[in-house]
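Those protein sequences? They're chains Y and G, same order as listed.
All residue numbers for the first sequence refer to this note's numbering, where the first residue is 70 and numbers rise by one.
All residue numbers for the second sequence refer to this note's numbering, where the first residue is 487 and numbers rise by one.
Report on the following structure.
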Amino acid sequence: MTKDNLLTPILVFAIFLTLFCGCMLGSTPMGVDRIIGGLTGNGSIGDQIVIWQIRLPRTLCAVLVGMALGASGAALQGLLRNPLAEPGVLGVTTCSSLAATFSIYYGMTAISPIALPIFSIVGALIATSILAFTAIRTQSVVTLILVGVGISSLSAAFMSLLMNMAPNPFALSDMINWMLGSVANRSMDDVLLSAPFMLLGFAILFLTRHGLSALTLGEEAASGLGLNLARQRLFVVVGAGLATGASVSIAGAIGFVGIVAPHLVRPFVQYDPARSILPSALLAGVFLAVADILIRIAPTQNELKLGVVAALIGAPAFIWIAIHRGRTND
Amino acid sequence: MTKLAVQDLKVQIDNTPLLNDISLSIGTGELSILLGPNGSGKTTLLRAALGLIKKQSGTSKLNDEDVAALPPSIRAKSIAYLPQMQQLAWPLLVKDIVALGRFAYGSNINKLTSKDRDIVYEAISSCDIEHLSNRRMNTLSGGEKARVHCARTFASRAPLIIADEPVAALDPRHQYKVLDLFKSYVAQGNGALIVLHDLSLAAKYADRLIWLKDGQIVADGSPTETLTPQRLADVYQIDAEVVGSGITIKGAV
């Protein structure tokens, strides 16, 4: 029991530590005194600009995107009763980035900046709705994953089509950057535009977490316990759609984060899907922010994209979990 | 007294009738056992009576209220439903699974109120699984899992229990142990409707036998009234001898 109780405070502390390190580390590391000075407004103008306009928004962005993806992953896994469910694997992020790219391509974002998160969220909701609808019709986990692969492939195909028709190399490079996923050069305004949607999605997922515990028994037994299945599905679909869509609108497509964090958290929360939502979100936030810090300080010629690094770590984890699934589950 | 009354119930899927003109009433104070061969519509009847699937016509009422229109948590406080055992998605602790029996009361399995904790503990001890309560579900044998699910069902304190083959895949000793648990739950003033495939067990434990064949109830009454060689031949198409509550099956007809 003490393990459960300590996990969340430790992760909350880790989040703040990561945010602090995110301000300290970069191409030019800054000392603790300069960070505190910059954060409190007592440091030099240069430090304040670096912290408030570059490093803090970037780190905050990585933390929020990680949290949104971690919570969505944990909730989708609970709903679909499957440890391999994750917004990236199930095609939710790809579908969302397609919608986002579409809105940029056709100049919707020029009309209003809010168009980007709206389109991303609608894209994510389309994918989560198809998945939830499939989950009602089939008990087969394989079918569900295949539908996710289908959504992902179809979205990727449309994405290629958009790239194929890109009017100029700049538009093309914009789209590729989008698909690779990154939190570089994000401003506080970008964060503030997406954060409310992420937090709303997160709140919905958190409030309906107890239904996920009931779903451990299977859908029929869960409704026998008194769970309103239709409402549970709707809430998880909308919550995960909002959180994932908003994260795509700010960071592009970053996959596999939502699969690693819940997998690591589960043994510490007695495998209860309800108890895994919050720690999964926090751990994914720390994971993504740390990965982003490493990217910044890595001496590579071209800065690596966060989505690429996340997939390089996450995809092997996905394969490992898939292979060991039969053994660890009842 | 809690009563579930099904009237003229008809269910069909893709124009195939699964249940026809089912009328049935189950209440507290008796242990009813639903019998019928594979495909006779037993599970469909349970699901339709609980309002979990769409019905073509007819009604299913819990104390004069339409079951399908009741909020699931209200229904669950009166009727605990134990469907056929399914693999768990996650290897939860035994005590957490039993605590899920309190779900309809808005209980959080991680932070039970002292009242809920007492009820869960009582259910655990009534099913003789105290020694397992801190184990993970994936470490238990089939018989132990069945008892955990019984405890979970009893923890709901629902006056009616509907259970679909709760002793399937259990060895004879565990079949008796699990049915003893249901029997003592009913003896406390509750009611139960249980689907069984074992005729001898049904004859031993039932206050009432409900015989289902091709989606219709062909007999409904006490074992002494309804358990006859003719009925076994008609419903199950088996050649059997019945002496008291003992059944000797000679073969298929």
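Where a beta carbon is used, it is the ideal one built from N, C-alpha and C, also for glycine.
Nothing here was measured: the structure is a model prediction, and the numbers come from that model.
Spatial neighbours of residue i in its chain, beta-carbon cut-off 8 Å, leaving aside the 5 residues before and after
i, result
"residue 731 of chain G", "686, 689, 690, 709 and 713"
"residue 719 of chain G", "725, 726 and 739"
"residue 703 of chain G", "508, 509, 510, 696 and 697"
"residue 546 of chain G", "490, 491, 492, 493, 495, 534, 535, 536, 537, 552, 553 and 554"
"residue 57 of chain Y", "Absent from the model: residue 57 of chain Y. The displayed extent of chain Y is 70 to 399, so no value can be given."
Residue range of the unbroken alpha helix (DSSP H) whose run includes residue i
i, result
"residue 278 of chain Y", "278 to 284"
"residue 641 of chain G", "628 to 641"
"residue 344 of chain Y", "342 to 366"
"residue 174 of chain Y", "161 to 174"
"residue 335 of chain Y", "Careful: residue 335 of chain Y lies outside any alpha helix (DSSP H) and carries neither H nor E."
"residue 473 of chain Y", "Here chain Y has residues from 70 to 399 only, and residue 473 of chain Y is not among them."
"residue 113 of chain Y", "From DSSP, residue 113 of chain Y is part of no alpha helix (DSSP H); its letter is neither H nor E."
"residue 317 of chain Y", "298 to 320"
"residue 180 of chain Y", "177 to 180"
"residue 244 of chain Y", "238 to 249"
For residue i, three-class secondary structure by DSSP
i, result
"residue 506 of chain G", "strand"
"residue 70 of chain Y", "Here residue 70 of chain Y scores only 43 on pLDDT, less than 50, and its place in the model should not be relied on; the value that follows carries that caveat. Three-state DSSP puts residue 70 of chain Y in coil, outside helix and strand."
"residue 193 of chain Y", "helix"
"residue 374 of chain Y", "coil"
"residue 219 of chain Y", "helix"
"residue 669 of chain G", "helix"
"residue 624 of chain G", "helix"
"residue 152 of chain Y", "coil"
"residue 653 of chain G", "coil"
"residue 380 of chain Y", "helix"
"residue 539 of chain G", "coil"
"residue 224 of chain Y", "helix"
"residue 683 of chain G", "coil"
"residue 198 of chain Y", "helix"
"residue 398 of chain Y", "Here residue 398 of chain Y scores only 44 on pLDDT, less than 50, and its place in the model is too uncertain to base an answer on."
"residue 526 of chain G", "coil"
"residue 386 of chain Y", "helix"
"residue 252 of chain Y", "coil"
"residue 100 of chain Y", "coil"
"residue 235 of chain Y", "coil"
"residue 207 of chain Y", "coil"
"residue 157 of chain Y", "coil"
Sequence-distant residues of its chain with Cβ nearer than 6 Å to residue i (five each side left out)
i, result
"residue 107 of chain Y", "116, 117 and 120"
"residue 196 of chain Y", "160, 161, 164 and 220"
"residue 260 of chain Y", "126, 129 and 130"
"residue 736 of chain G", "725"
Opposing strand residues paired with residue i [DSSP bridges]
i, result
"residue 489 of chain G", "G/513"
"residue 498 of chain G", "G/503"
"residue 677 of chain G", "G/646"
"residue 545 of chain G", "G/493"
"residue 702 of chain G", "G/699"
"residue 725 of chain G", "G/737"
"residue 732 of chain G", "G/729"
"residue 521 of chain G", "G/697"
"residue 707 of chain G", "G/695"
"residue 552 of chain G", "G/547"
"residue 597 of chain G", "G/594"
Segment limits, beta strand (DSSP E) that includes residue i
i, result
"residue 576 of chain G", "Here residue 576 of chain G belongs to no beta strand (DSSP E), and DSSP marks it neither H nor E."
"residue 568 of chain G", "565 to 568"
"residue 601 of chain G", "Segment 600 to 612 is the alpha helix (DSSP H) holding residue 601 of chain G; no beta strand (DSSP E) there."
Own chain partners of residue i with C-beta closer than 7 Å, once the 5 adjacent residues on each side are dropped
i, result
"residue 398 of chain Y", "In this prediction, residue 398 of chain Y has a pLDDT of 44, which is less than 50 and means its spatial position is unreliable; what the coordinates show is noted afterwards. Closer than 7 Å at the Cβ level, and outside the excluded window around residue 398 of chain Y, lies no residue."
"residue 71 of chain Y", "Low local confidence applies: a pLDDT of 46 at residue 71 of chain Y is under 50, so the model's placement there is unreliable, with the coordinate-based value given in what follows. So no residue of the chain qualifies."
"residue 440 of chain G", "A question about residue 440 of chain G goes unanswered here, because the residues of chain G that appear run from 487 up to 739."
"residue 313 of chain Y", "137, 138, 141, 156, 161, 162, 165 and 193"
"residue 597 of chain G", "none"
"residue 251 of chain Y", "320, 321, 374, 375 and 376"
"residue 590 of chain G", "559, 562, 563 and 642"
"residue 391 of chain Y", "153"
query: Using a Cβ cut-off of 9 Å, which residues of the stretch 598 to 618 of chain G contact any Cβ in chain Y, in chain order?
result: none
- prompt: What residues in the stretch 549 to 578 of chain G have a beta carbon less than 9 Å from any beta carbon of chain Y?
  reply: 557, 558, 559, 560, 561, 562, 563, 565, 566, 567, 568, 569, 570, 571, 572, 573, 574, 575, 576, 577 and 578
task: Compile a chain-ordered list of the residues in the stretch 333 to 353 of chain Y whose CB is closer than 8 Å to at least one CB of chain G.
output: 335, 339, 340, 341, 342, 343 and 344
field: Near-chain Y residues of the stretch 666 to 696 of chain G (beta-carbon distance less than 9 Å), N- to C-terminal order
entry: none
query: Of the residues that make up the stretch 276 to 287 of chain Y, which ones have a beta carbon closer than 8 Å to any beta carbon in chain G?
result: 279, 282, 283, 284, 285, 286 and 287
task: Report the residues of the stretch 290 to 316 of chain Y with a CB closer than 7 Å to any CB of chain G, ordered along the chain.
output: 290, 292, 293, 294, 295, 296 and 297
query: What residues in the stretch 622 to 640 of chain G have a beta carbon less than 7 Å from any beta carbon of chain Y?
result: 623 and 624
- request: Closer than 7 Å, Cβ to Cβ, to anything on chain G: give me those residues from the stretch 196 to 219 of chain Y, in chain order.
  value: none
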